[in-house]
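Residues 1 to 497 (the numbering used here) make up the sequence shown, in order.
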Amino acid sequence: MSLVMPEPDQAVLGRRDAIVAALQAIVPGEGVISDPDALRPYESDALTAYRQPPMVVVLPERVEQVAAILAWCHGEGVKVVPRGSGTSLSGGALPLADGVLLGMSRFNRILDIDYADRIVVAQPGVTNLAITRAVEEAGFYYAPDPSSQIACSIGGNVAENSGGVHCLKYGLTTNNVLGVELVTMEGEVLRLGGRQLDPAGLDLLGVIVGSEGLLGVVTEVTVRILPRPETARAVLLGFPSVESAGQCVADVIAEGIIPAGMELMDRAAVHAAEAFVQVGYPLDVEALLIVELDGPAAECDHLIEAVAAIARANGAGTARVSRDEAERLAFWAGRKAAFPAMGSLAPDYLCMDGTIPRRRLPEVLRRMQQLSDAHGLAVVNVFHAGDGNLHPLILFDTNQPGQLETAEAFGNDILRLCVEVGGVLTGEHGVGVEKRDLMPAMFGEVDLAHQQRVKCAFDPMLLLNPGKVFPTLHRCAELGRMHVHHGQLPHPDLPRF
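In C-alpha cells form, the structure reads like this:
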C-alpha cells in the first residue's frame, strides 16, 4: 500500500494499560473496548483498502464524558480519532495504532423538533434518514440525502459536508446546518450558530462543517427541515452515449432549469442496478439520466417538457416520466443501490469523488475512458451530474497482484484531471487519507499553511485526527516561522502560533 501514516508513539503504546484505565474511569461499564478481537470492527471505515486497529475504543453517552475524554487526552498528549457510523469513503475515520478511537454512535437521540421554526436538533449519531422519518408525517423532510443515508450519521455528514441526489437544488450539509455543539481537544464545550438562519459574529460554523474531525468533536447538530413540495416527478432519459447525456446536463443548467436532482449512470451501472433492484430501467441505452423536478404541479409539467425537449436535442431515445410517488421512489432506489450493485461486476472497486465544471462533463467522461484503457481497468460512472460531482467506480480484484495499486494510480489520475479542468479533489466524501497526498495538486504551500493555521487555532498540539487531509502536518511553531519566511510579518499585538 502507498499510504503512509505517522509512526506510532512507542511511549504512548507503553502506557496503554493506564490509558485504558483512565478512560474506564470516565466511561464505566461497557463503554471502553480494549480486547484485540473486539477492536477489529473499528479497524477501517468504508475505505476498506486501509486497515489499522486502534489502540483503544471509547463510546461515551454524554457531552460531559466527551469533554472529560478529550481534556484527559490533551493533558496526556494522546491522539484521538472521532468516528461516526464508519461510512466514510475517504478513510476519514481510519484509526491510529497509538490513538483513542472516540465513537459517537451512542449519541443517537433526536432532542427537539420545532415545526414553527422548521428545525430539528439531533445528536450526531442519529442517522440521516432518521431525521426525515421523524418529521415526514407532518409533511417535512431533511434535504441532503447521501446514498448511505440509511446508515450514515448526521455528525459524519457535518464532518464531510455530505451531499446526495437532491443537493443540486437544496444544497449540501453546510447549506442545511444552522448550529452545532462542539467539544474542543482541550475539553471546552462550544456552541456555534443556533436556530436562526443568519447568526451574528464570524462564521465559525462554516469552518466546522467539512473539517473532517480535525477541529473538534460535534455533540449536537441543529438542521433545517423543509416542507415536502406539492409535486415531485422524475423522468428517465436514455442516451446513445455517455457524452450526449453529459451534454444534456450542461444544456439543462444553461437553460436556467435547476432540477431537484440530476443523476447519470452509464450502461454498466444501469445493467448492474437493474439486476440488483429491478425497477424497470431501460437496458438498450449507453447512459441513463434521472432528472427530478419538484414544486407546483403546473411548474413540474412545464419543466419536464422543457427537459425532455433538451434531451431529445441531444439524441435521447427514451423519456419515461414517473406515474406516481411509488414509481418516482423506485427510479431513485435503483440509483441509490448502484454502489452495492457493483459487486456483480468485480470483487472490489474504488469509489472516487471529484467535482468539475458541468460544461466540461463530455470532455472529462471521454478522457476517463482513455485513462481506463491506459490503466487496463474498467470504470463505471455513477454521479451527481447536476452539480458536476463525479463518482467513478474503478473495478479491480485485490487478489490479483498489483491491481489495487493500479486502481489507486487510476483514481489519482482522475482526481488530477478534475483539478486540471477547473474542478476540485472532493465533492462530498472529504479528503481523509485517500486524497491527502494529492492536496498539493490543488493547493500551494502558502494555501496549505494557512489551512493548517486554522487547525492550530483549535488544536495546537495536533492531537485530533492527525494524518488526515494534510500531506505534511507542520507543528504550530513551524507555521509561525513559515509566516515570517514568506515575508508576511504578523502584527506585534497578535498572538503567534
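C-beta atoms are modelled at their ideal positions from N, C-alpha and C, and glycine is treated no differently.
Bridge partners - residue i, DSSP secondary structure assignment
i: Phe-410; result: According to DSSP, which records beta bridges pairwise, Phe-410 is partnered with nothing at all.
i: Val-58; result: Val-32, Leu-102
Residue i (DSSP reduced to helix, strand or coil)
i: Gly-261; result: strand
i: Ala-122; result: strand
i: Asp-9; result: coil
i: Ile-225; result: coil
i: Arg-83; result: strand
i: Val-66; result: helix
i: Ile-253; result: helix
i: Asp-284; result: coil
i: Leu-464; result: strand
i: Gly-216; result: coil
i: Gly-354; result: strand
i: Ala-49; result: coil
i: Gly-77; result: coil
i: Glu-478; result: helix
i: Asp-37; result: helix
i: Phe-331; result: helix
i: Leu-89; result: coil
i: Leu-371; result: helix
i: Leu-345; result: coil
i: Arg-496; result: Because Arg-496 carries a pLDDT of 30, less than 50, the predicted location of this residue cannot be relied on, and no value is offered for it.
Endpoints, the alpha helix (DSSP H) within which residue i is located
i: Lys-169; result: 167–170
i: Pro-340; result: 338–341
i: Asp-17; result: 16–26
i: Arg-359; result: No alpha helix (DSSP H) holds Arg-359; DSSP gives it neither H nor E.
i: Ala-97; result: No alpha helix (DSSP H) contains Ala-97, which DSSP labels as neither H nor E.
i: Val-469; result: Looking at the DSSP string, Val-469 is not in any alpha helix (DSSP H), and its letter there is neither H nor E.
i: Val-209; result: First-last for Val-209: undefined, no H or E at that position.
i: Phe-276; result: 267–277
Assumed close pair residue i, residue j - CB separation to whole angstroms, cut-off 8 Å
i: Met-55; j: Arg-106; result: Their Cβ separation, rounded to whole angstroms, is 20 Å, which puts Met-55 and Arg-106 out of contact at 8 Å.
i: Arg-233; j: Cys-152; result: With a Cβ gap of about 27 Å, Arg-233 and Cys-152 do not count as contacting.
i: Thr-426; j: Leu-390; result: Between Leu-390 and Thr-426 the Cβ distance is about 10 Å, and since that is not below 8 Å, they are no contact.
i: Leu-182; j: Leu-190; result: 5 Å
i: Ala-143; j: Tyr-170; result: 4 Å
i: Thr-174; j: Val-120; result: So it is not a contact: roughly 16 Å between Cβ atoms.
i: Leu-237; j: Ala-319; result: 6 Å
i: Leu-289; j: Leu-264; result: 5 Å
i: Glu-363; j: Val-421; result: 7 Å
i: Leu-70; j: Val-81; result: That belief does not hold up - the Cβ atoms of Leu-70 and Val-81 are roughly 12 Å apart, past 8 Å.
i: Leu-501; j: Val-223; result: Lying outside 1 to 497, the shown extent of the chain, residue 501 is not represented and no answer is given.
i: Glu-160; j: Glu-428; result: 6 Å
i: Leu-215; j: Asp-387; result: Contact doesn't hold; Cβ gap of about 25 Å is too wide.
i: Val-165; j: Arg-335; result: 7 Å
Residue range of the beta strand (DSSP E) that includes residue i
i: Glu-43; result: Here Glu-43 belongs to no beta strand (DSSP E), and DSSP marks it neither H nor E.
i: Phe-239; result: 231–239
i: Ala-287; result: 287–295
i: Ile-113; result: 110–114
i: Tyr-349; result: 348–351
Checklist entry - Taking only runs of the beta strand (DSSP E) that begin and end inside the stretch 302–329, which ones reach a length of at least 3 residues, in chain order? => result 318–321
Next on the checklist: Threshold first: 4 residues or longer. Then list the alpha helix (DSSP H) segments lying entirely within the stretch 373–458, N to C.
Outcome noted: Fully enclosed alpha helix (DSSP H) runs of 4 or longer: 403–420, 445–458.
Item to check | Start-end ranges of the alpha helix (DSSP H) lying completely within the stretch 122–207, minimum 4 residues | outcome: 128–135, 154–160, 167–170
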